[in-house]
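Just so it is clear: in the sequence shown, position 588 is 788 by the working numbering, and no numbers are missing.
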Amino acid sequence: MTETRDYSKTLFLPQTDYPMRAGLPKKEPEILARWKALDLYKRLREDAQGKKKFVLHDGPPYANGNVHIGTALNKTLKDIITRSMQMTGWDSNYVPGWDCHGLPIEWKVEEENYRAKGKQKPDLTDPDAMVAFRQECRAYAEHWIGVQREEFKRLGIEGDWDNPYLTMRYESEAVIASELMKFARTGQLYRGSKPIMWSVVEKTALAEAEIEYYDHESDTIWVKFPVTEAGGTDEAAAEELLDASIVIWTTTPWTMPGNRAVCFSSHISYGLYEVSAAENDFGPQAGEKLVFADSLAEECAAKAKVTFKRLRDVTADELGALTLAHPLADLGYDFDVPLLDGDHVTDDAGTGFVHTAPGHGADDFEIWMAKRAEIEARGISSAIPFTVDDAGYYTSDAPGFGPDSDGGAAQVITAKGAKGDANKRVIAALIAADNLFARGRLKHQYPHSWRSKKPIIFRNTPQWFVYMDKELSDGSTLRARALKAIDGTRFVPASGQNRLRSMIEHRPDWVLSRQRAWGVPITVFRHEDGRLAPGPDFDKSDELVARISDAFKAEGADAWYKEGAKERFLGGLVDDMDGWTQVTDILDVWFDSGSTHAFCLEKRPDLSPKRAVDGGEDYVLYLEGSDQHRGWFHSSLLESCGTRGRAPYDAVVTHGFTMAEDGRKMSKSLGNQTFPQDVIKQYGADILRLWVAAGDYTDDQRIGAEILKTNADAYRKMRNTIRWMLGSLAHAKGEEVAYADMPELERLMLHRLAELDGVVRAAYDAFDFKRVFSQVFNFLTVDLSAFYFDIRKDALYCDPISSTRRKAALWVIERLFDAVVTWLAPILPFTMEESWWSRHGEEAGSVHCRQFPSFPEEWRDNELAGRWTKIRAVRRVVTGALEIERAEKRIGSSLEAHPTVYIADADLLASLEGRDMADICITSQLTTMAGEAPENAFTLDDVAGVGVVPGLAEGTKCARSWKVLPEVGTDADYPDLTLRDAQAMRELDALGETA
């Protein structure tokens, strides 16, 4: 056979229609349509029948606005978990949900339907108007649920999209109300008066979870409280103090009308100071006597531009016996102001004395209530005034500044969130009373509403609370139950446990009420004698609860607001209807979402987990952002512990926030926002999902153009490796080679598969997706593409059809492909589905219906792996040497080389014995030599005792495999081929086939 032949047609080169360019923006919607036709969700549920349940309970997003990048991160993490648990033997059913009530939606309805159109908001005291307005809110929520549902589906999130849970469903509203009434019936619910965070702009109470802190400039004042009474046995000392004033410092001048006490600390050193000189002819003057904490006196003197002379110590006993006059006594604040010893007082800043307005601060309220008996024993009323109304105006409880004062009521914060005139008028009154010591301004972090972004105030209001420390029927308290439940919960990351524990340990009673319209009402009636219905002292509670629950199931919570609701629910249950008042406040939305376990997990037959606490094996996981330690995790824990005595979850996973590429917060003004819709349009959802999985989600995640490009590059490397496997498997005939007959290299790859299987499973179980991605990515690019496939291309392309080596390689590649595609399916569901169908056809079903493959224990061969670690080290030295030869153009291909490898380590040399190192190093020939390498040899610092001297291969270049060997020309039938290639051609020609 002397004629020239085109051997390229005889090679078993990869053949596949699987495209190199993914085209995900176009391909993914096609796959979604196929999943819909396949009814993938139903098939997953059918496949999982009878298995133990893994329930990732969805923390409901608000049904307003498009999905943002943080929500995309959140939902993708949930989907990766749900899919991976399904593929590791669980019934992992994801039921998405939405939080439909609350201020965000009501605010938007008011803005879009009324403020933007210049229309007056309806009078919500009219039952018909209230119900109509609530219907507008419901319609708004329904619209955005539809929008968000499609955006979530486009992300590849698999779940029961046809039947999600909604907090505004009638059944849900009925259960939420029933959960609230459980607290009422067990005596945990009470109506109290406390300072709460109040948004003047939104006219509602806010929970801690609804607060953000921003820089804010406040007026600061130092105020004198004249001493009116001084006790003690030393009359002269007492007399001296009667001529003095206690000085406080505050950043909220508007709270001065609410002042009822001054606090000091018995652990701080105080002194009596006399003004010896004053720079100004206003403010404190020479001769005035004032009491300060010693560590702060000079700083305060500088603020007022005066000089102090210290007269003597003032003891804690002396301070505790003092009674002060209110600095605005002449305006009607003619009551005694006591000094109270408080642990919260420090000498870090201010004067060492704390202005105490129990209606305007948590610490103020706590010490006032703790010292109430002491205060009343001194003949001082312990009543807490209501000095500021819901619009931020002073009330008649603030004489001189209320509605009857000159100029009308002063306002603390305007309806638009700006500073009102209250500070200015209070400061002017203090100056007029000669009780202003000094004034200034301070820029500091101040609480703002997370919705309006406007400052909030603390004001005393009647609200509905749940006790944290009241003894319950089992002798515990809600706080104790919650802390115990935290100890029994798994947290990822583990730091979340201490964070939630700290919040529960120190939180005040749980405020439930909001003064808004769109939500589930607090479904109780309050009698003028303080009793509640339903409640522990109302013997018709069962009937009342049933009436309310039935009505809500039929009509939704609107039933509470309809004309005649009071008579409808209480009729026939009470004799004195006029003595009962229907509560019109709504529940905080955190109570709504905190109750989702009650109306979703417990009510849905396809969920209804039987957890370990119930003697079962099912598992419930909550996953949200780290801010939800004070939000959904928190409210769900309290709600469940208050009604069931335990947490609703077995594990809590938290993720960080999304930041711009440079680490700054995303904002429209900076132009550094990334929108998931744009990423999907440019790259596809799988690239966004890869970004989620590749990073450490427990920390804040950065995203931007360069980061996305990096992820897209990594994706292309993985896709190309998968594509090569698909192309190679086009030649597979399904022939199995016994493990014992396999070449060592194939057995090494099976070892790596079995080894990696344990790593991948453990990482998915730990919700460590970064580890899953990095391990599989490195396996694909380093172990496979750059090593195993690189070596085996020659055998796969050129070996005879009968070659055991080639058959074994194809069989191993089949196993590699199936494993990698299933392992990556939870992270890249579209790409792995496309890959699976490309190999097995759509008739084989979805890859997402598969389980992660299991591998025989015999595949684990640590001794083999250890030997090949040494072989690969030698190979790296050879490869490094040949790279230089190519760069210097002394060779074109590694097949033109014949390196000599010197090995000084006898053990290392022995590991190469019997291995075809030329094949492994992809050279035509290779010689190993024992001993030290010559000085001119190529070496690597991290591979000691190995040196390589490059050389050129001797012989003739094979026309088919391009190997250079002396044997080329020795086969008479195929004189231009190696003996191996000649045999391959002989078999092909006998069959009358090309490759």
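Idealized CB from N, CA, C, for every residue including glycine.
For M381, the enclosing alpha helix (DSSP H) starts and ends at Y370 to R385. Put simply, of G607, V588 and S702 the residue whose alpha carbon is nearest the alpha carbon of I613 is V588.
Going by beta carbons, L1112 and S1094 fall outside the 7 Å limit.
Apart from sequence neighbours up to five positions away, the residues of its chain that approach G1147 with a beta-carbon distance below 6 Å are Y1102, A1133, A1137 and T1139, ordered along the chain.
The DSSP-derived three-state label of R1015 is helix. Burial state of R919 is buried, judged by a 10 Å Cβ sphere holding 16 or more other Cβ atoms. Inter-residue distance for S208 and C1158 is about 12 Å (C-alpha atoms, whole angstroms). In the structure shown, T587 adopts coil according to DSSP, grouped into three states.
Beta-bridge annotation (DSSP): M397 is paired with L406 and F658.
Less than 7 Å divides the Cβ of F752 from the Cβ of A377. If you draw a 10 Å sphere on the C-beta of M1032, you find 16 or more other C-beta atoms in it, and that means buried. Under a 10 Å Cβ-count criterion, S713 is classified as buried, with 16 or more other Cβ atoms of the shown protein chains found around its own Cβ. Of G592, K917 and L540, the smallest CA-CA separation from V462 is found for L540. Annotation for W1068: the continuous alpha helix (DSSP H) segment containing it runs N1062 to A1087. Secondary structure note for C337: it is in no beta strand (DSSP E), and the uninterrupted alpha helix (DSSP H) holding it is P327 to R354. Taking the Cα positions, H560 is about 24 Å away from T784. When DSSP assignments are scanned along the segment 764-844, the uninterrupted stretches of alpha helix (DSSP H) that are 4 or more residues long and fall wholly within it turn out to be 765-770, 789-794 and 832-844.
Taking C-beta atoms as the reference points, G1066 and A1104 fail to come closer than 7 Å. The three-state reading of DSSP puts T367 in coil, since its state is none of H, G, I, E or B. If you look at F1138, you'll find it in the beta strand (DSSP E) that goes F1138 to L1140.
Inclusion of A682 and I704 in the CB contact set at 7 Å is warranted, their separation being smaller than that value. For Q697, the enclosing alpha helix (DSSP H) begins and ends at S695 to H706. When the five nearest sequence neighbours on each side are left out, the beta carbons in the same chain lying within less than 8 Å of the beta carbon of R283 are those of S292, E358, A1025, P1026, P1029 and H1048, in order along the chain. Per DSSP, the continuous beta strand (DSSP E) segment holding T450 begins and ends at A444 to T450. The Cβ atoms of N623 and D878 lie no closer than 7 Å to each other.
Here L531 carries a helix assignment [DSSP, helix/strand/coil]. In the DSSP assignment, T282 falls within the alpha helix (DSSP H) that extends over I269 to Q286. By the Cβ criterion, the segment 354-374 is in contact with the segment 285-300, since at least three pairs of Cβ atoms, one from each stretch, lie closer than 8 Å. DSSP places M949 in the helix class (H, G or I) of the three-state scheme. The beta-carbon distance between I903 and T858, rounded to whole angstroms, is 6 Å. This is short enough to meet the 8 Å contact definition. Scanning the segment 611-697 for uninterrupted beta strand (DSSP E) segments of 3 residues or longer gives 636-649, 657-666 and 690-692, listed from N- to C-terminal end.
The segment 800-810 makes contact with the segment 251-258: 3 or more CB pairs, one atom from each, lie closer than 8 Å. Here Q901 is bridged, per DSSP, to T858. In this structure, D818 lies near K252, with their beta-carbon atoms less than 7 Å apart.
Counting only runs of 4+ residues, the alpha helix (DSSP H) found wholly inside the segment 497-576 occupies 497-504, 516-520 and 562-570, in chain order. Cβ contact annotation for D536 (same chain, cutoff 6 Å, sequence separation greater than five): T523 and I580, in chain order.
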